[in-house]
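Trainee: For the sequence shown, the positions run 9 to 205 when our numbering is used. Positions of the beta carbon are idealized from the N, C-alpha and C atoms, including for glycine. Just so you know, these numbers come straight off a predicted model, no measurement behind them. Below you'll find the structure I mean.
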Amino acid sequence: MRVLIRIDSLIGVASAIMALMVGTILQGNAIYGAENTMTLEGVSFPIKRLYKDSDNDNVTYTVKDIKFDLIPIGDITYVVGKINADIVDFKESSPPLFLILKPIPEPEPEPTVAEIKSISPNPTSSSFTVHYFKPEQADSYLVLRQNGPELARTPTNTKKGNFQVTFDELLFYPSGIYYVQLFVNGVGVDSKQVVKQ
9 MRVLIRIDSL
19 IGVASAIMAL
29 MVGTILQGNA
39 IYGAENTMTL
49 EGVSFPIKRL
59 YKDSDNDNVT
69 YTVKDIKFDL
79 IPIGDITYVV
89 GKINADIVDF
99 KESSPPLFLI
109 LKPIPEPEPE
119 PTVAEIKSIS
129 PNPTSSSFTV
139 HYFKPEQADS
149 YLVLRQNGPE
159 LARTPTNTKK
169 GNFQVTFDEL
179 LFYPSGIYYV
189 QLFVNGVGVD
199 SKQVVKQ
């Protein structure tokens, strides 16, 4: 069973959507209150028997509430909910049912400045690829240097986004440390080193 919960934090009301199987979605209202308990209204669903024999293929559960707790496991803290439900067919409370909400990692913020993200392979014996990012449209280009002199320059790029450029020029130069510089509107904004073996 998959449970999707959307909470309006201003008024403490949530809509709980339980997706039980492909094509079956039940919706109900919920109130998130004291002691980390979410009280559900009108959320009932049939499910295959979990612990008792019955002539029915399925029995109907009515969820009354879910009590949430934080449970640390290793480096990750999970939200675990203990479901308080009744089995309508048997007119009794269900055995303990738990749901574990897997934490969703925060998305990495998109860079706000142009930067060289990576150079690979590094070290290299000949060619290498530079991955870089520009958050806005601007004239930009990459320069390959060693101790000052410019060895190669890419054509000017005016678009925004993620880019990759391959340099083949190191094939003709001796082993050593080289630098790739990113220029935006004529100003050097980032530099990374690449090693030729």
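Pull the bridge partners of residue 196 from the DSSP assignment, please.
Mentor: Per DSSP, 191.
Trainee: Buried or exposed for residue 73, going by 16 or more other Cβ atoms inside 10 Å?
Mentor: Buried.
Trainee: Tell me where the beta strand (DSSP E) around residue 75 begins and ends.
Mentor: Residues 66-81.
Trainee: Round the Cβ separation of residue 78 and residue 89 to the nearest angstrom and send it over; I've been treating them as touching at under 8 Å.
Mentor: Not really, about 11 Å apart at Cβ, beyond 8 Å.
Trainee: Using only alpha-carbon positions, find the residue among 109, 95, 143 that is nearest to residue 52.
Mentor: It is 95 whose Cα lies nearest to the Cα of residue 52.
Trainee: Which class does residue 171 belong to by DSSP, given the choice of helix, strand or coil?
Mentor: Residue state, collapsed to three classes: strand.
Trainee: Helix or strand or just coil, what does DSSP make of residue 92?
Mentor: Strand at residue 92.
Trainee: Do residue 204 and residue 133 count as a contact pair if the criterion is CB distance below 8 Å?
Mentor: Yes, they are a contact pair.
Trainee: Taking C-alpha atoms, which residue in 93, 151, 172, 165 lies nearest to residue 178?
Mentor: The candidate whose alpha carbon is nearest that of residue 178 is 151.
Trainee: Within 10 Å of its beta-carbon, does residue 86 have 16 or more other beta-carbons around it, so buried, or fewer, so exposed?
Mentor: Residue 86 is exposed by the Cβ-count criterion.
Trainee: Residue 184 bridges to which residues according to DSSP?
Mentor: The partner list for residue 184 (beta bridge, DSSP) reads 204.
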